[in-house]
Structure formats: C-alpha cells, structure tokens
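Before any comments, here is the structure.
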Amino acid sequence: MTYSAPSTADAQPAPGAGDFAASAEHVSKGYGRDDARVVALDDVTVGIPRGRFTAVMGPSGSGKSTLMHCMAGLDAVDSGVVRIGGTELTRLKDKQLTRLRRDKIGFIFQAFNLVPTLTALENITLPMGIAGRKPDQEWLDRVIDTVGLRPRLKHRPSELSGGQQQRVACARALASRPDIIFADEPTGNLDSRSGAEVLGFLRSSVREMGQTIVMVTHDPSAAAYADDVLFLSDGRIVDTMREPTAERVLERMKGFDLPGGTAR
Ligand SMILES: Nc1ncnc2c1ncn2[C@@H]1O[C@H](COP(=O)(O)OP(=O)(O)OP(=O)(O)O)[C@@H](O)[C@H]1O
Ligand SMILES: [Mg+2]
Numbered sequence: 430m431t432y433s434a435p436s437t438a439d440a441q442p443a444p445g446a447g448d449f450a451a452s453a454e455h456v457s458k459g460y461g462r463d464d465a466r467v468v469a470l471d472d473v474t475v476g477i478p479r480g481r482f483t484a485v486m487g488p489s490g491s492g493k494s495t496l497m498h499c500m501a502g503l504d505a506v507d508s509g510v511v512r513i514g515g516t517e518l519t520r521l522k523d524k525q526l527t528r529l530r531r532d533k534i535g536f537i538f539q540a541f542n543l544v545p546t547l548t549a550l551e552n553i554t555l556p557m558g559i560a561g562r563k564p565d566q567e568w569l570d571r572v573i574d575t576v577g578l579r580p581r582l583k584h585r586p587s588e589l590s591g592g593q594q595q596r597v598a599c600a601r602a603l604a605s606r607p608d609i610i611f612a613d614e615p616t617g618n619l620d621s622r623s624g625a626e627v628l629g630f631l632r633s634s635v636r637e638m639g640q641t642i643v644m645v646t647h648d649p650s651a652a653a654y655a656d657d658v659l660f661l662s663d664g665r666i667v668d669t670m671r672e673p674t675a676e677r678v679l680e681r682m683k684g685f686d687l688p689g690g691t692a693r
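Just so we're aligned: the sequence shown equals residues 430 to 693 in our numbering.
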C-alpha cells in the first residue's frame with residue numbers, strides 16, 4: 430500500500446490540529462479494483478476533540494470501522510492525512526507506527542480478546558508488560574475501582590460475565606493512559622444491563638479522568654452516552670450532533686432508511 434505524497438501544505442499541522450486527539454483530513458480509502466471497487470471512505474475530514482466521548486453512527490457498510498481503523502493506524506489510507514495529536518501517522522514507518530499504537534492508543538473491540546489463561550489483573554497489565562513498562566500503581570487502582578473489578582481481579586475470563594469481561598478489556602485499554610481509545614461496537618455482544626455498565630464506565634472515564642474515546646455503535650441508546658455523534662453514510666460524514674439523546678439519534682438514523690435519505 431502506498432501513501433499519497435504529502436503536499437507542502439500538509440507538512441505543517443493544520444490550524445487547530447493540535448486541539449484534536451486525532452484527526453483525518455481529506456481521507457479516502459477503497460477496497461478492490463475496477464468493477465469490484467468499493468469506496469469505503471470518500472474525502473473524510475474530521476477532528477476528534479480531546480477529553481470528549483465521540484460516537485460514530487451510520488448504516489452497515491457506511492465506513493465506520495474503516496474510519497476507525499484508519500484513524501488508529503491499523504489500516505493504511507489511499508490518500509489524505511491522519512494525525513494522532515500532532516503526529517502524522519501517514520508518514521510513519523511500520524516500526525514507528527507500531528510503537529505509536531502501543532504507547533498512545535487504546536483499543537476495545539466487540540470480541541473482548543482476553544487471554545483465557547490469565548487472570549483479570551494479568552490481562553489488564555499484559556500490554557504494558559509486553560511494552561516493558563511498569564504500570565503506575567495509583568492510576569491502575571483508580572482504573573480498577575472505576576470499572577468495579579476489584580473483587581474479580583484473580584478470576585479468569587471464563588469465570589466472569591460478559592459485561593465483566595468487557596470491563597476488563599476497557600481497563601486494559603485505559604491502564605497505559607493512552608491519548609485516545611478507539612472502541613468498535615464495545616457493547617455489541619452484551620445484554621442491555623452489561624452494556625449500560627460498560628457505557629457508564631466509558632463515560633465516567635471521559636468525565637472523571639479526562640480520557641478521549643471514539644466509539645462506533647449501531648445503538649442510539651449507546652450513542653446517547655457520548656458527548657458528540659458523527660453520522661457516516663456512504664463513506665462520508667453527513668451530520669454531527671452534540672449532547673445527543675437516544676430519541677434524537679433514532680430520529681436522525683431513520684432518515685438513512687428512506688430512499689435518498691442520506692442526501693439531506
Ligand atoms: N477488507 C475489505 N475488503 C473489501 N471491502 C471491504 C473490506 N472492508 C470493508 N469493506 C467494504 O467497505 C465498506 C465500509 O465497510 P466498514 O466495515 O467500514 O463498514 P461499517 O460502517 O463498519 O459497517 P458495519 O456497521 O456493518 O460494521 C463496505 O462496503 C464494506 O463492504
Ligand atoms: Mg463495522
């Protein structure tokens with residue numbers, strides 16, 4: 430995969446780029462060739478504000494996961510610029526990118542991806558161990574108490590409920606104090622009560638610990654936990670909403686089901 434040559438203008442941080450935990454500028458990405466070509470992202474420009482909880486919504490196939498993967502440096506873009514803080518990901522070599530992902534970014538996926546043979550605590554501290562870093566004990570204690578896992582730390586994933594397992598995954602993402610956490614459908618495998626626990630925890634990590642979180646979700650009531658919502662359709666950002674409620678998000682999403690509803 431080749432990156433587009435950055436223009437001279439791209440060599441300078443965009444005005445205000447430093448205010449964002451992550452940003453995309455004119456990012457496009459497609460899959461396949463010729464007749465099978467799919468444009469997953471079509472000239473997307475967006476900034477993720479620091480210390481806020483941003484939800485990404487849109488119909489299936491609208492490019493939500495692709496946007497998240499590109500912004501997190503898990504996937505290369507065809508053209509455009511992605512930044513984490515002031516660092517331009519699209520210019521980094523593989524090794525530098527791996528290090529940046531490890532040090533600056535936390536991930537939470539729909540499948541919890543816990544190591545079955547390790548305890549909850551060992552799972553939480555594993556990535557830092559791999560990176561050769563010692564967890565800051567005070568911070569770790571705070572994270573563990575916020576997710577409410579203190580009584581379950583010695584249990585293995587198979588001895589935890591789905592919600593508890595996802596809270597372990599959340600604590601693992603937070604333990605290294607990343608600049609930004611990307612979560613793709615973190616409550617997709619949870620019942621509504623466990624989902625609410627995890628969402629409540631994500632929101633309090635933003636409000637109380639100043640964490641920045643971007644969360645892809647299909648669920649308007651999950652999006653209502655966020656501070657801002659981005660709506661994607663056909664690989665473009667077509668709308669944003671501040672201080673969302675489930676009702677308003679649901680109402681907006683209904684527009685996508687109508688013929689031409691994405692055109693606004
Ligand atoms: N590896 C791939 N190869 C080919 N096409 C892909 C690939 N990954 C995604 N796509 C296509 O790119 C488009 C955007 O996919 P993406 O996974 O980003 O959508 P999404 O909004 O996350 O959808 P969902 O809500 O179903 O998870 C879709 O049309 C999809 O089929
Ligand atoms: Mg997806």
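Don't be surprised by glycine CBs; every beta carbon is placed ideally from N, CA and C. Predicted, not measured: the structure shown is a model, and the values here were computed from it.
Is Gln525 buried or exposed, if buried means 16 or more other CB atoms sit within 10 Å of its CB? exposed
Taking DSSP as the reference, what is the three-state secondary structure of Glu626? helix
Are there 16 or more other CB atoms within 10 angstroms of the CB of Ala540, so buried, or fewer, so exposed? exposed
For Tyr460, which beta-bridge partners are listed by DSSP? Val467
Any residues whose CB sits closer than 5 Å to a heavy atom of ligand 1? List them in chain order? Tyr460, Val467, Ala469, Ser489, Gly490, Ser491, Gly492, Lys493, Ser494, Thr495
Local conformation of His455 per DSSP, three classes: strand
List the residues that DSSP assigns as beta-bridge partners of Ile477. Ala451
Are any of the Cβ atoms in chain B nearer than 7 Å to that of Ser452? Looking for chain B here will not work: only one protein chain is present.
C-beta atoms of Arg632 and Phe536 nearer than 7 Å: no
Cα-Cα separation between Arg596 and Asp471, rounded to whole angstroms: 34 Å
Any idea which residues DSSP pairs Thr669 with across the strands? Leu659
With DSSP as the reference, label Phe538 as helix, strand or coil. coil
Residues of its chain near Gly639, where Cβ-Cβ distance is below 7 Å and the 5 sequence neighbours each way are ignored: Gly480
Just reading off the beta strand (DSSP E) that Thr483 is part of, what are its end residues? 482 to 486
Whole-angstrom distance between Glu567 and Leu582, CA atom to CA atom: 16 Å
Contacting residues, own chain, Cβ-Cβ under 6 Å from Thr669 (five flanking each side not counted): Leu659
If we ignore side chains and look at the alpha-carbon of each, how far apart do Thr575 and Phe630 end up? 7 Å
Answer yes if the segment 673 to 684 comes into contact with the segment 514 to 529, meaning at least three C-beta pairs across the two stretches below 8 Å, and no otherwise. no
Looking at Ser494: is its Cβ nearer than 7 Å to the Cβ of Asp648? no
Can you list, in chain order, the residues of its chain with a C-beta nearer than 6 Å to that of Arg579? Leave out the 5 residues immediately preceding and following it. Ile573
Among Ser662, Arg671, Pro564, Glu672, which residue has its Cα nearest to the Cα of Phe685? Ser662
What residues in its chain sit with their C-beta under 8 Å from that of Val467, if we drop five residues either side in the sequence? Gly459, Tyr460, Gly461
Please return the same chain residues whose Cβ sits closer than 6 Å to the Cβ of Met497, not counting the five positions on each side in sequence. Phe611, Asp613, Val645
DSSP beta-bridge partners for Thr516? Ile513
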